[in-house]
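Novice: Chains as they are written, first to last, in the numbering used here: chain A, 11 to 210; chain B, 11 to 210.
So that we are looking at the same thing, I have put the structure below in structure tokens.
Number of protein chains: 2
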Amino acid sequence: MSFFPSSLEILIEKFASLPGIGQKSAQRLAFHILSLPDEEAQAFADAISTAKKTVHCCAVCQNLTDSEVCAICQSPRRDERVVCVVSDPKTVIAIERTHEYNGHYHVLHGVISPLNHVGPDDIKIKELVNRVADGHIEEVIMATNPDTEGETTAKYISRLLKPFGVKITRLAYGMPVGLSLEFADDATLMRALEGRQEIE
Amino acid sequence: MSFFPSSLEILIEKFASLPGIGQKSAQRLAFHILSLPDEEAQAFADAISTAKKTVHCCAVCQNLTDSEVCAICQSPRRDERVVCVVSDPKTVIAIERTHEYNGHYHVLHGVISPLNHVGPDDIKIKELVNRVADGHIEEVIMATNPDTEGETTAKYISRLLKPFGVKITRLAYGMPVGLSLEFADDATLMRALEGRQEIE
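Here it is as structure tokens:
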């Protein structure tokens, strides 16, 4: 039985469908929206539509961007011979924050995970292979998370790329195994970048 | 420095402005929105605008509604001589869920709280006084929260309504059903003792 006006029920339901938001929190958030001035509530709605409409994957590195090719791929100051392979856009941010890395990226948008029915074709591996096949790339740094799925993905990709003769490295274990890259502190990430090791 | 496309940054910022949502959660929610199919993301945006546009306060009881007068105030089966005064719409839901109450409501949208700069004029007390002054109401049940601010508000309102000669009651204090006496706080136990009832 619904006690709230239907449009409010719908809004609560939408919030409750977000990850990590339960029924009580969804109610609180919906009430908060109602308490906002009209223009602020509308700005929130617009932010959703606009982000969804304008943000897509960079044609080169698959990172999120609102232009055809992202700012990093376009920058003449970045070294296009080095590509750092990450599982998601948040890791790009984490690495950029160190100000230590000057190469390009490749965002996989996931890792190989048989348990979650994610196979090699479900993430952007093909696009990476095509980039490497183009011949400009000299080093590929595997920066997937240091957990089982991240390792498996790194190994799988490095085996695919071996025939192209590029140097393949991975982030050094400067960080505790099991920690998500997204939450690593800058100093740890920096050391891990500096000490990257070649994958045999 | 912003690493994400600006429309994504704006969306993250919007989520981060919600109560109880930090920067990391806001990122996670914004990414979730991007991962939704176009029509679902748009439905979310629409839910916000629609709720904000259609939901307002009932002209009579100030509860949230999408019509001029809410369903409870319109219902011929509800006893309009009894009005239960609550601080917010969520309390209406809680009381409705008991299926025990058949009267009307009055939603104050807050409680008197000098510390938070909320005075009697900032909540819907005037509207309640007007309803009582109309003369149809015989009993007003104060159902504000049993804390200092709720008590203060209840006392303030009951003093205002006294001159109209209506019966003014408040929810009984006592032990919550199912709570072990061992874990009851002193104030609750004291009230439960004071209000002890004869066993027939």
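Think of the CB as a built atom: it goes at the ideal place given N, C-alpha and C, for glycine as much as any other residue.
(1) Taking 8 angstroms as the limit between beta carbons, can you name the residues of its chain near E204/A, skipping five residues before and five after?
(2) Using the beta-carbon of each residue, which ones in chain B are nearer than 7 angstroms to L171/A?
(3) Show which residues of chain A have a CB atom less than 7 angstroms away from the CB atom of E106/B.
(4) Grouping DSSP H, G and I as helix and E and B as strand, with all else coil, what is S45/B?
(5) Does the beta-carbon of N140/B have 16 or more other beta-carbons within 10 angstroms, so that it is buried, or is it exposed?
(6) So K177/B and E148/B are in contact, right, with Cβ under 8 angstroms, and what is the actual spacing, rounded?
(7) So, with DSSP's three-state summary, where would you put V93/A?
(8) Check whether the Cβ of Q33/B sits closer than 7 angstroms to any heavy atom of the ligand GDP, and report yes or no.
(9) So with Cβ pairs under 8 angstroms, would you call L74/B a contact of chain A?
(10) If you scan the stretch 119-173 of chain B from start to end, which runs of the alpha helix (DSSP H) of 4 or more residues do you find wholly inside it?
(11) Are the C-beta of F54/A and some C-beta of chain B separated by less than 8 angstroms?
(12) Could you tell me the alpha carbon to alpha carbon distance between K62/A and A36/B, rounded to whole angstroms?
(13) Whose Cβ in chain A lies nearer than 8 angstroms to the Cβ of Q8/B?
(14) For T75/B, which three-state DSSP category applies?
(15) Using C-beta distances below 7 angstroms, list every residue in its chain close to S97/A, excluding the 5 sequence neighbours before and after it, in chain order.
(16) Closer than 8 angstroms, CB to CB, is V102/A near chain B or not?
(17) A143/B: buried (16+ other C-beta within 10 angstroms of its C-beta) or exposed?
(18) Specify whether the stretch 54-68 of chain B and the stretch 37-52 of chain A touch according to this definition: at least 3 beta carbon pairs, one from each stretch, less than 8 angstroms apart.
(19) Under the rule that 16 or more other beta-carbon atoms within 10 Å means buried, what is R180/A, buried or exposed?
(20) Check for me: the alpha helix (DSSP H) holding I9/A runs from which residue to which?
(21) So which of P130/A, A55/A, A53/A and I43/A has the shortest CA-CA distance to L170/A?
(22) Can you tell me where the alpha helix (DSSP H) with V102/B in it begins and where it stops?
(23) Report yes if the CB atom of V150/A is closer than 8 angstroms to the CB atom of V95/A, and no otherwise.
(24) Would a C-beta distance cut-off of 8 angstroms place H116/A and V92/A closer than the cut-off?
(25) Under 8 angstroms, Cβ to Cβ, is there at least one residue of chain A near H127/B?
Specialist: A quick look at the data gives this:
(1) For E204/A, the CB contacts under 8 angstroms within the same chain, skipping 5 residues up- and downstream, are E110 and A182 in chain order.
(2) Simply none; closest approach about 26 angstroms.
(3) Correct list: F13.
(4) Helix, per DSSP.
(5) Flag for N140/B reads exposed.
(6) So it is a contact: roughly 6 angstroms between Cβ atoms.
(7) If DSSP states are grouped into helix, strand and coil, V93/A belongs with the strands.
(8) As for the ligand GDP, it is missing from this structure, which has no ligand bound.
(9) Cβ-Cβ to chain A under 8 angstroms: yes for L74/B.
(10) With a minimum length of 4 residues, the continuous alpha helix (DSSP H) runs that stay inside the stretch 119-173 of chain B are 135-143 and 158-171.
(11) Yes - at least one Cβ of chain B is within 8 angstroms of the one on F54/A.
(12) One Cα belongs to K62/A, the other to A36/B, and the distance between them is close to 15 angstroms.
(13) Past the edges of chain B, shown from 11 to 210, lies residue 8/B, and the structure says nothing about it.
(14) Three-state DSSP puts T75/B in a strand.
(15) Cβ within range, chain order: L118, G120, V121, T154, N155 and G160.
(16) At least one chain B Cβ lies under 8 angstroms of V102/A.
(17) By the 10 Å Cβ count, A143/B comes out exposed.
(18) Touching, yes, given that three or more Cβ pairs across the two stretches are closer than 8 angstroms.
(19) Around the CB of R180/A, 16 or more other CB atoms lie within 10 Å, so the residue is classed as buried.
(20) As displayed, chain A neither begins before 11 nor continues past 210, which places residue 9/A out of reach and without an answer.
(21) Checking every option, the nearest Cα to that of L170/A belongs to P130/A.
(22) That run of the alpha helix (DSSP H) goes P99 to E106.
(23) Closer than 8 angstroms, so yes.
(24) For H116/A and V92/A, no; Cβs fall outside 8 angstroms.
(25) Put simply, the CB of H127/B is far from chain A, with every gap to its CB atoms at 8 angstroms or more.
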